[in-house]
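This report concerns only the one structure given below.
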Amino acid sequence: MCELAVIDTKIVPDLETGYRQFRPLFFAAIARFVRQGVRISPADAMDFVHDFFAEEWQKVANTYDPQRGRFEPYVYSAFVNFVRPRVFRLYRLQRDLTDPDLLNAFASRQEDVAEPPVRLTEFTAALHKIPAEDRELLLAYLHAGRTPERMLAREWGIPRYRLREKLVAALGKLAISLGSSSLFSERDGDVAWVLWGLEHSNSEAARLLGMSEAQVRLAHRRNIRRLTAALQSFQQGQKGTSRAPIGQSTALQLLQRALASTGNREIHKSLRENAPLVLRALDEAGDRDIGVGEVDPVWCSEIFGVLLGGDTGLQHQFDDVFLSSGLADRRQVGDAFEQALLSGLPERLTSIDRWSDRLSPISEPDYLRLLQDPSVQASPFAQRVLARFGLTPMSVLLATDAVAGLIDRLVRKRHPGASGRIYLGTSADKDTNAEGRLVAADMLVSEITQTGGQDFNASRGVLEWCLEVGHYKPLIFNGWVLATDPQGRLSLSRTGICMDLVARWSRPAPERS
Amino acid sequence: MATEARISPLAELLRSALLNPGDLQLLASLRSSAGSVLDELERLDDDPFLDAVEASNPEWVATVYEALVGEQELPHGELIDALFEARCTEDREIGLAFDQALCVSLPAALKRWEGFELVENSSGDRARLLQEPSARASEHGENLVRFGMTPKTVLIATEAMAGLADRFSRRLRLSDRDPVWMVNRFEDEADQRHIDMKLMSNEVALAAELPQPNAAALARWCFEAARYKPRLFNGFRASCNGGELELTRRPPVQNLYDRWASEFAARPSAGVEPYCGFHRDMGRDI
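Residue numbers (this note's numbering), protein chains in the order written: chain A, 1 to 513; chain B, 514 to 799.
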């Protein structure tokens with residue numbers, strides 16, 4: 001280790017001198033870990049350095065034996081050994097518990113998912129079952145408002161990355177404590193248990209639950225949103241509201257009025273202000289019919305989204321923590337889509353008519369919002385066409401991954417180890433035939449709907465487009481090659497190779513003779 | 514948490530450097546004011562760099578961090594490289610990697626070996642095993658030697674189980690794409706593609722020279738750990754399917770830190786483009 005260009009001294013510097021002397025070198029060590037794929041922000045890197053000096057310096061100074069070599073390499077090596085497990089934990093946190101991965105693009109869409117309101121009493125009981133420190137942390141986090149996270153970390157006497165670790169762990173405990181509560185759907189509850197209770201990775205959770213990884217991530221994201229919303233609702237209930245409280249019957253009337261006036265968003269404010277009371281009134285009403293006739297399901301979920309605090313600043317704070325990464329990935333997906341997948345496609349597949357024949361355009365505000373998505377920003381075609389119909393390059397990628405994942409699971413289930421061909425049928429076909437190798441398009445559309453969150457019609461539109469594109473880009477579905485047999489049937493066969501997205505989406509179909 | 518809209522010029526310099534891959538001028542500016550930037554980092558309450566780190570590629574972020582070293586020479590050389598590697602041939606490194614990579618992110622019950630019905634060893638053996646470098650380097654060493662094991666024993670067991678899977682696959686003349694299955698049960702008439710717990714424990718007993726009850730427990734522990742550490746069995750990737758592990762061939766990973774830290778991105782070898790600049794999990798099979 002003689003190459004370390006640091007002053008050679010046999011005297012161990014005091015903490016302050018050591019800190020000034022070695023701080024830059026420790027950034028070089030962190031750079032090595034960053035090269036291995038862990039996203040470490042400079043602020044977190046500085047926290048690692050602080051922690052090392054706070055926790056390890058004295059020990060290192062005491063155990064150093066000058067006869068065995070110089071101090072600088074010794075302390076550098078101690079730092080690497082100190083940081084490594086923290087880096088690996090951070091990696092696990094990024095990979096399985098907080099990395100939004102493919103799902104950021106659908107952030108706002110999730111607000112449209114009907115979220116079952118949890119009974120406040122049930123939630124309160126669950127919250128009190130977790131250790132007091134975790135409960136306090138969750139509430140302090142919400143209460144902090146715009147207080148900088150590091151300041152909050154300082155109040156807690158821990159570095160910021162530890163604060164996040166503890167926050168994720170506390171949310172996990174709360175999720176487990178809620179168990180089979182009405183907060184989660186059955187399937188999402190299973191995901192919460194496998195990820196947080198059994199501490200499995202996303203990929204293992206997907207295999208255990210028979211889901212795709214994208215579905216697991218989506219469910220995890222829904223769970224975090226619901227927990228956040230319920231916590232916020234709980235906190236509002238604790239604080240009370242600034243206005244005079246309304247009675248139970250008035251609260252129910254407010255809800256009835258809101259549900260009956262589809263599209264009237266002026267009522268949001270009033271609902272938000274009285275959310276704890278309305279939720280409590282709903283709790284008390286139990287299964288009793290509250291006298292709301294036919295309600296538009298999308299509007300209904302929007303109203304419950306407001307009640308559960310779906311669009312307030314506090315939600316965004318949690319989003320900042322859980323969803324702050326993934327931007328670059330989405331941008332790169334947009335690039336790959338524009339430059340690789342669209343390249344060489346015939347005009348009919350890239351014209352807006354191709355989409356407007358099948359799908360209805362979304363509203364202008366929704367369109368403008370979608371233009372902010374990094375994958376859309378990277379693709380002029382997506383800006384001009386896809387976004388008009390509520391879709392993005394990420395939707396297309398998620399759809400193709402959903403198809404690939406479903407086919408893979410079906411093949412493994414029916415023919416473990418088989419590497420043969422799978423045929424894609426029409427919606428009129430059953431999902432099995434004599435050979436058990438026919439998959440109905442409807443099944444694929446359902447899978448895309450579940451994975452991407454868009455409606456069935458949009459999913460069908462995306463699938464049809466992808467299948468047509470597959471004539472020109474046969475590797476569009478990851479791990480599979482699309483072909484048309486002499487009878488005109490579409491089939492998928494395993495490629496058996498892993499390629500990056502740009503290579504896969506660039507590969508043209510072989511020239512036909 | 515909200516981040517401040519305005520940040521200081523020094524923080525802005527760091528942020529700009531992160532956001533502009535390849536901008537050597539920014540890198541030079543950063544290098545010349547490295548000390549002040551580090552001081553500024555200490556003063557920041559917010560983290561205004563998260564999105565910049567996310568938006569940039571790891572190779573460039575690493576280069577920016579190296580610029581923060583300032584005018585000092587970067588630490589380099591074989592001995593520095595060795596710090597980031599744990600070799601199977603170095604017992605002490607096995608112990609370190611066991612703690613710093615394998616045990617990280619394992620459920621607490623596995624880390625404590627709960628429910629594995631291990632038989633305790635004689636005190637004389639314990640004293641001898643405690644002197645072994647892999648046990649001395651590991652905080653878990655003391656617990657393991659109670660049962661006649663060290664971190665190295667665990668490594669030997671995983672190598673033995675991987676070897677068993679390899680022989681199985683060759684005997685059945687399976688292609689590299691076809692998986693073999695490890696099952697967490699004893700089978701009277703085993704499926705020819707199943708490696709059952711009896712075969713695994715026998716293999717571990719032979720390779721690790723452990724008595725049968727502890728060999729069986731160790732085999733089962735490795736089986737369970739592979740659910741969280743898919744590259745545990747070198748040369749394969751394990752994925753869990755109920756009570757079964759599906760093992761598919763993958764290139765061996767020699768660095769124990771990479772192998773045991775689950776799917777931690779493998780470091781590129783010399784002469785290879787270091788970063789494909791694309792989605793970390795997409796289309797790449799580590």
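Quick reminder that beta carbons are idealized off the backbone N, C-alpha and C, glycines included. Note that the coordinates shown come from a computational prediction; the quantities given were computed from them, not determined experimentally.
By DSSP's assignment, Phe-749 (chain B) forms a beta bridge with B:Arg-762. Residue pairing of Arg-32 (chain A) in beta bridges, as defined by DSSP: absent, with no partner found. Nearest Cα to Gln-232 (chain A) within the set A:Leu-120, A:Gly-172, A:Ala-509 and A:Leu-371: A:Leu-120. Here Met-211 (chain A) carries a coil assignment [DSSP, helix/strand/coil].
When 7 Å is used as the limit between beta carbons, Asn-81 (chain A) is near these residues of chain B: Leu-609 and Gln-613, in chain order. By the beta-carbon neighbour count (other beta carbons within 10 angstroms, threshold 16), Asp-14 (chain A) is exposed. Burial state of Val-632 (chain B) is exposed, judged by a 10 Å Cβ sphere holding fewer than 16 other Cβ atoms. A contact between stretches requires three or more CB pairs, one per stretch, nearer than 8 Å, and the stretch 597–612 of chain B meets this requirement with the stretch 634–651 of chain B. The residue from B:Gln-585, B:Ala-610, B:Glu-586 and B:Thr-666 with its alpha-carbon nearest to that of Phe-597 (chain B) is B:Ala-610. The C-beta distance from Ser-752 (chain B) to Ala-732 (chain B) rounds to 18 Å, too long to meet the 8 Å contact threshold. One finds nothing in chain B with a Cβ atom closer than 8 Å to the Cβ of Tyr-64 (chain A); even the nearest lies about 16 Å away. Only residues of its own chain outside the window of five on either side were considered, and among them Leu-642, Val-658, Arg-659, Phe-660 and Gly-661 have a CB closer than 8 Å to the CB of Asn-634 (chain B), listed in chain order. If only complete runs of 4 or more residues are kept, the stretch 660–729 of chain B shows the alpha helix (DSSP H) at 664–684 and 710–721, in order along the chain. Residue state for Leu-631 (chain B) is assigned as coil, using DSSP reduced to three classes. Chain A has a Cβ within less than 7 Å of the Cβ of Leu-563 (chain B). The three-state secondary structure of Glu-757 (chain B), taken from DSSP, is strand. In chain B, no part has a C-beta under 8 Å from the C-beta of Phe-53 (chain A); the shortest such distance is about 12 Å. Under DSSP, Thr-484 (chain A) forms a beta bridge with A:Leu-490. Using a CB distance below 7 Å, the part of the stretch 23–34 of chain A facing chain B consists of Arg-23, Pro-24, Leu-25, Phe-27, Ala-28, Ile-30, Ala-31, Arg-32 and Val-34, ordered along the chain. Comparing alpha carbon positions, the residue from A:Ser-459, A:Pro-42 and A:Glu-133 closest to Leu-359 (chain A) is A:Ser-459. The criterion of a C-beta distance shorter than 7 Å is satisfied by Ile-130 (chain A) and Lys-173 (chain A). The beta carbon of Val-566 (chain B) lies closer than 8 Å to those of Leu-531 and Val-574 in the same chain, with the five residues before and after it left out.
Within 10 angstroms of the beta-carbon of Thr-63 (chain A) lie fewer than 16 other beta-carbons, which makes it exposed. A straight-line Cα-Cα distance of about 14 Å links Arg-207 (chain A) and Ala-192 (chain A). Of all residues in the stretch 574–595 of chain B, only Val-574, Ala-575, Tyr-578, Glu-579, Leu-581, Val-582, Gly-583, Gln-585, Glu-586, Leu-587, Pro-588, His-589, Gly-590, Leu-592 and Ile-593 come within less than 7 Å of chain A when Cβ atoms are compared, listed by chain position. In terms of CA proximity to Glu-464 (chain A), A:Ala-440 leads the group A:Trp-480, A:Ala-440, A:Gln-487 and A:Gly-479.
Annotated three-state conformation of Arg-354 (chain A) is helix, per DSSP. Contact with chain B is found for Arg-92 (chain A), since one of that chain's Cβ atoms lies less than 7 Å from the residue's Cβ. Nearest neighbour of Gly-548 (chain B) by Cα position, chosen from B:Asp-536, B:Leu-526, B:Gln-767 and B:Leu-687, turns out to be B:Leu-526.
For the stretch 202–216 of chain A, the beta-carbon criterion of a distance under 8 Å to any beta-carbon of chain B is satisfied by Ser-203, Glu-204, Arg-207 and Leu-208. Among the CB atoms of chain A, none fall inside 7 Å of the CB of Pro-522 (chain B). Of all residues in the stretch 66–78 of chain A, the ones placed with a Cβ closer than 9 Å to any Cβ belonging to chain B are Glu-72, Pro-73, Tyr-76 and Ser-77, in chain order. For the C-beta of Val-696 (chain B), not a single chain A residue is nearer than 7 Å; the gap to the nearest is close to 13 Å.
In the structure shown, the three-state DSSP call for Tyr-741 (chain B) is coil. Of all residues in the stretch 169–181 of chain A, none has a C-beta nearer than 8 Å to a C-beta of chain B. Using a Cβ-Cβ cut-off of 9 Å, Ala-43 (chain A) is close to Leu-554, Leu-557, Asp-559, Asp-560, Pro-561, Phe-562 and Leu-563 of chain B, given in chain order.
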